[in-house]
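Worksheet: one structure, shown below.
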Amino acid sequence: MTGEVHCIAHPLIQHKLSLMRRKETSTSNFRALLQEIAMLLGYEVTRDLPLENRTIETPLTTMEAPFLAGKKVVLISVLRAGSGLLDGMTKILPSARVGHVGMYRDHETLQPVEYYFRAPSDMADRQVIVVDPMLATGNSAAAAVTRVKQAGAGHVKFACLLAAPEGLEAFHAAHPDVSVFTAAIDERLNEKGYILPGLGDAGDRLFGTK
Ligand code: URA
């Protein structure tokens, strides 16, 4: 089974992503744009959430109206840049449960190192969406998903802003059952594991730490 990749080519997403890529884009604009794209990506990632009808009264009559069914969605943010996507996603999913995985990339080995994990205890019957803006080598993303599966998650999706082809391949080698939603698939990684053309270090640009 090879994993599905959904590249969301919506014009609004593409325009906002191009603004984010520009090196002169300020921290505040970068943050606002990421939040806006996260809302649009979230719309696609949640497209197949189940609905159930409930009886309601409108001012004029009674109707069977569709509501989200089942348990609340869980959003898992991969620290630290995941917070940027999380902010937008919680705007459209205000009741979502939220967990965090702390991963940093060892700059020598490019391997992920976990330093924090906290997630809802009952994830088995929930849709879990792991968010991290940059799917570069795929190592951190794969490790984060492995961790949430270990914690009980059974229905997992992964949402990012940019993906590298190498990262998608590595990610799906580890998790063929997890669909990836991304705003773009870039050309390749450079020798330091950055996505080209990319947008630089998403965490630094989001938090103004460079
Ligand atoms: N993480 C980033 O923030 N940017 C990249 O290009 C790759 C990984």
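The sequence shown begins at 442 in this note's numbering and counts up one residue at a time.
Glycine included, every Cβ here is placed at the ideal spot set by N, Cα and C.
Helix or strand or just coil, what does DSSP make of residue i?
| i | result |
| --- | --- |
| MET461 | helix |
| SER467 | coil |
| SER426 | Within the shown structure, residues of the chain are numbered from 442 to 651, placing residue 426 beyond reach of any answer. |
| GLY580 | The sequence given here has Asn at residue 580, not Gly. Helix. |
| GLU610 | helix |
| LEU490 | coil |
| ARG567 | coil |
| VAL589 | helix |
| ILE449 | coil |
| TYR635 | coil |
| LEU481 | helix |
| ALA615 | helix |
| ALA600 | strand |
Does the Cβ of residue i lie closer than 7 Å to at least one heavy atom of the ligand URA?
| i | result |
| --- | --- |
| ASP642 | yes |
| ALA506 | no |
| GLY634 | yes |
| GLY639 | yes |
| ALA583 | no |
| ALA522 | yes |
| ALA577 | yes |
Determine the contact status of residue i and residue j, defining contact as a CB-CB distance below 8 Å.
| i | j | result |
| --- | --- | --- |
| LEU481 | LEU647 | no |
| LYS513 | ARG567 | yes |
| VAL542 | LEU520 | yes |
| ALA584 | MET544 | yes |
| GLY444 | ASP618 | yes |
| LEU640 | ASN631 | no |
| PHE612 | GLY579 | yes |
| ALA522 | ALA624 | no |
| ALA605 | ASP573 | no |
| ARG629 | SER581 | no |
| LEU602 | LEU458 | yes |
| GLU485 | HIS447 | yes |
| VAL515 | MET564 | yes |
| GLY595 | LEU534 | no |
| ILE478 | ILE454 | yes |
Shorter than 8 Å from the beta carbon of residue i to some beta carbon of chain D?
| i | result |
| --- | --- |
| THR487 | Considering every chain present, this structure includes no chain D. It has just one protein chain. |
Exercise. Of all the alpha helix (DSSP H) runs that stay within the bounds of the stretch 518-551, which reach a length of 4 or more residues?
Worked result: You should have 523-533.
Problem set entry | Cβ pair count under 8 Å reaching 3, the stretch 502-520 against the stretch 456-472 | Pairwise C-beta distances place the stretch 502-520 out of contact with the stretch 456-472, as fewer than three of them are shorter than 8 Å.
Exercise. Counting pairs of Cβ atoms below 8 Å between the stretch 551-570 and the stretch 583-595, do you hit three or more?
Worked result: In short, these stretches touch, since the Cβ pair count reaches three.
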